[in-house]
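See structure below.
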Amino acid sequence: MKLPQVSNNYFTERAGVLAVAAQLNRTDLIFRETPNADVGIDGQIELVSNGKTPGRLAAAQIKSGLSYFNDRGDHWAFYPEEKHRMYWEAFPLPVYLFLHNPESSLTYYTDVRYQLNIPSKERENCYISVPKTNRLDLVASEELMLSVGPVSSTLLEYPELLKVMASKHSGNASFPITYLDLFCNGLTNLCRHIYFGISLAAEIAEIYLGINKSEVGLGVGPDEHHFLHNYTRFLIAQNLVKIDYSDYLIDWFEREIQPEYIAPLLLRGRNLITYIHDVEKGICKDSSFVSVACERPMRMLIGLPSDMVRIPKIKTFGERLLSTSTDLY
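Start counting the sequence shown at 0; every next residue gets the next number (numbering that gives the first Met the number 0).
Rendered as structure tokens:
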């Protein structure tokens, strides 16, 4: 009498899934294995930061077995099937590929969607590079989950949040902008989205320099680029916007340019705009009816104020925020 058989490959694959699940659990990450219809994703990873879940997710694809380990010196080469390559490339979350070696019990990882979306590399019939330094047993949870975006241990209340944005300055007299300048001037799509790019930052700085008749010209170097990078990280960490950070990092790391994006504001971001309107009424009695938190197309439609008027107005608003000794609303 014949009995049902289980292939050795089944146990090899399960060894990989169980090893990854155990290691993620040890680093205080939540792993949810796909219960059915696995078509290229074996599970979901959720970041836990200081015991809290900030809503940062990634997908996991786990491959177990020596056949997946093609040695290329400092990295392993993984050759995906075309159907999986297309599936991972279009997936809405970062996709982490885990290669598990059942003999050494070591697991290596990479963000496979990140690699597949690098525009400067031709990925047809090419392999995914999995660095040998990317060992799952040696990485901390937030380092592993870099692609899902930065998190903050504390979401600031709106009064403190607004003052922090007004105080975060580039520190360069030839690049006189703050987080508040970038936020208020980046609002678009009836204040439902925010725009960011180096052109926006440069335009704000040039208007300030022109108004102040500065003897120095616009200056943008590595420090200023990191200031702008940290602005985006601040928006994400404070749950103000929804940005595909993995895609953002392709420009920042691979192309070495300042990323540009239009991103939807989350509820906290939209509430911050409402809060700015309320505070503005209290500390800017001489303010016109057009708020500092109002997008450019709307201002152009009604005819005022121009950027030459409004950008300094944002600066004045920020200065009054920082100088007031009373609690904000």
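Think of the CB as a built atom: it goes at the ideal place given N, C-alpha and C, for glycine as much as any other residue.
Bounds of the beta strand (DSSP E) holding Phe-97 are 94 to 100. Counting only residues of its own chain and dropping the five nearest sequence neighbours on each side, Phe-97 has a CB closer than 8 Å to the CB of Gly-15, Val-19, Ala-59, Gln-60, Ile-61, Lys-62, Thr-106, Tyr-107, Tyr-108 and Leu-135.
In the structure shown, Asn-8 falls within a helical segment according to DSSP collapsed to helix, strand and coil. For Asn-229, the three-state secondary structure derived from DSSP is helix. Glu-32 carries a strand assignment under DSSP once its states are collapsed to helix, strand and coil. When only Cα atoms are considered, Leu-161 and Ala-200 end up about 19 Å apart.
For Gly-185, the enclosing alpha helix (DSSP H) starts and ends at 178 to 185.
Partner residues in the beta bridge of Asn-69, as assigned by DSSP, are Ala-76. Taking all protein chains in view, the Cβ of Gln-237 is crowded by 16 or more other Cβ atoms within 10 Å, so the residue is classified as buried. Comparing alpha-carbon positions, the option among Gly-72, Tyr-113, Ala-204 and Glu-141 lying closest to Arg-254 turns out to be Tyr-113. Asp-73 is a Cβ neighbour of Pro-130, given a cutoff of 8 Å. For Leu-2, the number of other beta carbons within 10 angstroms of its own is below 16, and it is reported as exposed.
Judged by beta-carbon spacing, Leu-265 lies beyond the 8 Å limit of Leu-227, meaning their Cβ atoms are not closer than that value. Separation of Arg-13 and Pro-53 (C-alpha to C-alpha, rounded to the nearest whole angstrom) is 29 Å. For Asp-180, the number of other beta carbons within 10 angstroms of its own is at least 16, and it is reported as buried. DSSP, read as helix, strand or coil, puts Phe-174 in coil.
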